[in-house]
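Heads up, the thing below is written out as structure tokens.
In my numbering, the protein residues as written are 24 to 376.
What follows is the structure in structure tokens.
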């Protein structure tokens with residue numbers, strides 16, 4: 024009875040499956056921090072995808088310039104670290120434009136930048152930035168709408184309270200984004216796109232990638248609130264991002280998934296890191312989690328099965344009827360086979376199918 028009741032298989036059931044699945048994930052470029060993350064991933068029913076650097080390549084380029092604005096815009100944006108700013112500066116370098124001296128540079132979170140060139144106040148940013156500074160953009164509205172309908176981010180440039188031109192910037196979608204979204208939706212997981220772009224630009228990009236749910240015009244410090252809103256609806260939320268400003272949302276989500284090409288802070292805040300930055304790894308994480316939980320349940324069944332089946336036999340319950348007793352040697356063999364079955368069953372997780 025003591026031999027057959029030895030619970031070593033029960034002790035192996037969960038950690039063996041977790042260990043094998045984590046190793047299998049790592050070989051595919053998926054780094055999982057802890058067992059709890061692997062378990063929760065099995066329950067995800069809503070995914071929030073940050074646009075820049077997650078759905079897109081995170082390397083925006085200037086596509087349209089309306090008005091004589093590149094030299095002024097690049098001079099100001101040269102002081103900024105934003106990815107859109109870098110696109111403008113790179114365009115100026117291509118055109119071999121000499122930049123002007125800038126004074127009083129100020130970044131206006133989520134809206135743009137301001138500075139002075141030759142004592143003239145320069146504003147570069149969103150339509151809201153212009154509205155807040157009482158600058159009339161009505162004459163440019165048709166051009167702005169046309170560019171936004173193409174999924175481009177439009178920056179407006181004003182000098183001395185007069186709007187003088189536009190710069191449109193676009194970021195190319197990652198080639199796997201459309202397929203990843205399709206697979207997630209096929210698995211009955213609601214997909215949301217989160218972006219600081221205005222609603223019109225966001226709708227154009229979301230339509231291209233196949234996302235129906237959009238969170239647009241979200242400032243950096245409001246991203247975690249959007250995660251909380253979905254959680255309040257009873258959703259188990261996975262947040263996928265790559266930037267410093269995604270860190271609070273990654274921490275707030277039930278599962279935070281960072282892109283390996285992103286910042287160290289994002290990866291530190293996340294539960295799971297995709298080292299290749301490949302969005303197709305997200306469905307694999309969920310699929311692996313589901314397989315792991317299924318294997319754990321099978322392991323627990325086999326661990327209990329031998330004990331439940333053979334302890335009464337070892338105790339002599341069949342002896343009065345059939346004169347059957349369980350030889351200690353067979354008891355040891357059954358106990359060993361119980362552990363072996365758990366190990367072999369867990370090793371099936373080496374392949375993510």
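For each residue, glycine too, the CB sits at the ideal point set by N, CA and C.
For the beta strand (DSSP E) holding residue i, just list the boundary residues, first then last.
i	result
residue 86	84-89
residue 182	176-182
residue 58	From DSSP, residue 58 is part of no beta strand (DSSP E) but of the alpha helix (DSSP H) over 58-64.
residue 262	260-264
residue 189	185-193
If you follow the alpha helix (DSSP H) that residue i is part of, which residue opens it and which one closes it?
i	result
residue 113	106-117
residue 249	246-255
residue 275	270-275
residue 173	Unbroken run through residue 173: none, as it is neither H nor E.
residue 92	Counting along the chain, residue 92 falls outside any alpha helix (DSSP H), and DSSP gives it neither H nor E.
residue 316	304-337
residue 41	31-50
residue 368	351-370
residue 232	222-232
By a C-beta neighbour count over all protein chains shown, 10 Å radius and 16 as the cutoff for buried, is residue i buried or exposed?
i	result
residue 360	exposed
residue 340	exposed
residue 34	exposed
residue 306	buried
residue 345	exposed
residue 332	exposed
residue 165	exposed
residue 185	exposed
residue 343	exposed
Closest to residue i by CA distance: which of the options is it?
i	options	result
residue 232	254, 208, 282	208
residue 266	92, 287, 135	287
residue 96	330, 56, 144, 49	144
residue 173	151, 198, 134, 229	229
residue 252	290, 69, 355	69
residue 260	239, 299, 309, 300	309
residue 225	192, 302, 184, 175	175
residue 247	234, 275, 346	275
residue 197	250, 222, 85, 74	74
residue 101	76, 82, 130, 77	130
residue 140	313, 39, 182, 236	182
residue 133	323, 314, 148	148
residue 336	155, 112, 351	351
residue 83	177, 152, 151	177
Would you kindly check if the distance between the Cβ of residue j and the Cβ of residue i is under 8 Å?
i	j	result
residue 241	residue 219	yes
residue 47	residue 373	yes
residue 43	residue 369	yes
residue 262	residue 279	yes
residue 122	residue 103	no
residue 118	residue 93	yes
residue 191	residue 86	yes
residue 89	residue 189	yes
residue 56	residue 295	yes
residue 222	residue 239	yes
residue 214	residue 311	no
residue 171	residue 227	yes
Name the one or two DSSP bridge partners that residue i has.
i	result
residue 295	55, 280
residue 238	217
residue 143	140
residue 73	217
residue 121	According to DSSP, residue 121 bridges with nothing at all.
residue 130	136
residue 67	Residue 67 pairs with nothing; no bridge assigned.
residue 196	79
residue 148	135, 179
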